[in-house]
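What follows is a set of notes on a single structure, which appears directly below.
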Amino acid sequence: ETGVTQTPRHLVMGMTNKKSLKCEQHLGHNAMYWYKQSAKKPLELMFVYNFKEQTENNSVPSRFSPECPNSSHLFLHLHTLQPEDSALYLCASSQGQWGTDTQYFGPGTRLTVL
Amino acid sequence: AQSVAQPEDQVNVAEGNPLTVKCTYSVSGNPYLFWYVQYPNRGLQFLLKYITGDNLVKGSYGFEAEFNKSQTSFHLKKPSALVSDSALYFCAVRVVNQAGTALIFGKGTTLSVSS
Chain Z
1 ETGVTQTPRH
11 LVMGMTNKKS
21 LKCEQHLGHN
31 AMYWYKQSAK
41 KPLELMFVYN
51 FKEQTENNSV
61 PSRFSPECPN
71 SSHLFLHLHT
81 LQPEDSALYL
91 CASSQGQWGT
101 DTQYFGPGTR
111 LTVL
Chain X
115 AQSVAQPEDQ
125 VNVAEGNPLT
135 VKCTYSVSGN
145 PYLFWYVQYP
155 NRGLQFLLKY
165 ITGDNLVKGS
175 YGFEAEFNKS
185 QTSFHLKKPS
195 ALVSDSALYF
205 CAVRVVNQAG
215 TALIFGKGTT
225 LSVSS
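Sequence lines, in order, name chains Z and X.
Residues 1 to 114, numbered by my numbering, are exactly what the first sequence covers, in order.
Residues 115 to 229, numbered by my numbering, are exactly what the second sequence covers, in order.
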């Protein structure tokens, strides 16, 4: 499980705050992902990066802004969030974005928006 | 539409009994299928995957899954359940879209193993 780390593990923020989630992978992978996990709903893919380039934005509101400075790090910048954005945010990585490659997940950041 | 379904929200089994967690899929082309497990307050852990070859796939912690093309299913199985297997299980399938490939996940099935 230490292959993909996420910080912070828990975050409480107000709707006017700006915060960032961080993900780091130590597996030498080239693709990284952000997922949102809400109660009673399937995992929702938010963003995909492959070789630092964003390859997918799954109609995510602009109040979520991803950043991938290199293949090992992925950020999710948050601003003016809504209470319905409260969820577990999971980061994952895989060798390539080719579908056959296993995705390895971090422990997640539990976000609460007040 | 491409999709994956887990028809059961919860599966209850007694320790030592066999368990099955069901998954069906609908994709265009050859399916690439995955099972993940999530323990409380943890991320998803990879269990096993089917890409090609033998229809019976063996994975971590004694789990296995059988790919059935005619029934478009990929059910997760274990011959003898342990209390420590209690967790949330996700089936996932690769889909191909305009941007490339991605995984879509089922809504998850909670497995509860009683002692």
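Where a beta carbon is used, it is the ideal one built from N, C-alpha and C, also for glycine.
Helix, strand or coil for residue i per DSSP?
i	result
Y175 (chain X)	helix
E84 (chain Z)	helix
S198 (chain X)	helix
P69 (chain Z)	strand
A92 (chain Z)	strand
Q103 (chain Z)	coil
H77 (chain Z)	strand
N126 (chain X)	strand
K40 (chain Z)	coil
Q152 (chain X)	strand
Y35 (chain Z)	strand
Y164 (chain X)	strand
So residue i contacts chain X; which residues on that side make the cut at Cβ distance below 7 Å?
i	result
Y89 (chain Z)	Those within 7 Å of Y89 (chain Z) in chain X number zero; the least Cβ separation is about 10 Å.
G108 (chain Z)	G157
E84 (chain Z)	Result: empty, since nearest Cβ-Cβ is about 18 Å, beyond 7 Å.
Measuring CA to CA, which of the options is closest to residue i?
i	options	result
D199 (chain X)	X:Y146, X:L162, X:Q152 and X:G143	X:Q152
F188 (chain X)	X:A201, X:K221, X:G176 and X:L170	X:L170
R9 (chain Z)	Z:L114, Z:Q97, Z:D101 and Z:A87	Z:A87
G28 (chain Z)	Z:D85, Z:S72 and Z:R110	Z:S72
E180 (chain X)	X:P145, X:V227, X:N155 and X:T224	X:P145
G130 (chain X)	X:G167, X:G222, X:F219 and X:V197	X:V197
Y89 (chain Z)	Z:T2, Z:F47 and Z:E53	Z:F47
M15 (chain Z)	Z:L45, Z:R63 and Z:Y35	Z:R63
F75 (chain Z)	Z:M32, Z:T2, Z:H26 and Z:T112	Z:M32
Tell me the DSSP bridge mates of residue i?
i	result
A115 (chain X)	DSSP lists no partner for A115 (chain X).
E56 (chain Z)	Z:V48
V135 (chain X)	X:L190
S140 (chain X)	X:S117
A216 (chain X)	X:V209
L11 (chain Z)	Z:L111
L170 (chain X)	X:E180
T224 (chain X)	X:Q124 and X:L202
T5 (chain Z)	Z:E24
Q159 (chain X)	X:V151
Against residue i, what residues of chain Z qualify as contacts under a CB-to-CB distance less than 8 Å, listed in chain order?
i	result
G176 (chain X)	The contacting residues do not exist; G176 (chain X) stays about 19 Å from chain Z at best.
Y203 (chain X)	Result: empty, since nearest Cβ-Cβ is about 12 Å, beyond 8 Å.
Using a 10 Å radius around the Cβ and a threshold of 16 neighbouring Cβ atoms, would you call residue i buried or exposed?
i	result
A195 (chain X)	buried
P42 (chain Z)	buried
E84 (chain Z)	exposed
F105 (chain Z)	buried
E53 (chain Z)	exposed
A115 (chain X)	exposed
A206 (chain X)	buried
K18 (chain Z)	exposed
T7 (chain Z)	exposed
List, in order along the chain, the chain X residues whose C-beta lies closer than 8 Å to that of residue i?
i	result
E41 (chain Z)	Just to set this straight, residue 41 (chain Z) is Lys in the shown sequence, not Glu. Those are K221, listed as they occur along chain X.
V12 (chain Z)	None at all; the shortest Cβ gap to chain X is about 16 Å.
Could you name the residues of chain Z that residue i contacts, counting a contact when the two beta carbons are closer than 9 Å?
i	result
F160 (chain X)	T102, Q103, Y104 and F105
K163 (chain X)	T100 and T102
List the residues of chain Z that residue i touches, going by C-beta distances under 7 Å, in chain order.
i	result
Y153 (chain X)	Neighbours of Y153 (chain X) on chain Z: none; closest Cβ ~10 Å, over 7 Å.
Any heavy atom of the ligand ZN closer than 6 Å to the beta-carbon of residue i?
i	result
R9 (chain Z)	Among the ligands in the structure shown, none appear at all, so the ligand ZN cannot be discussed.
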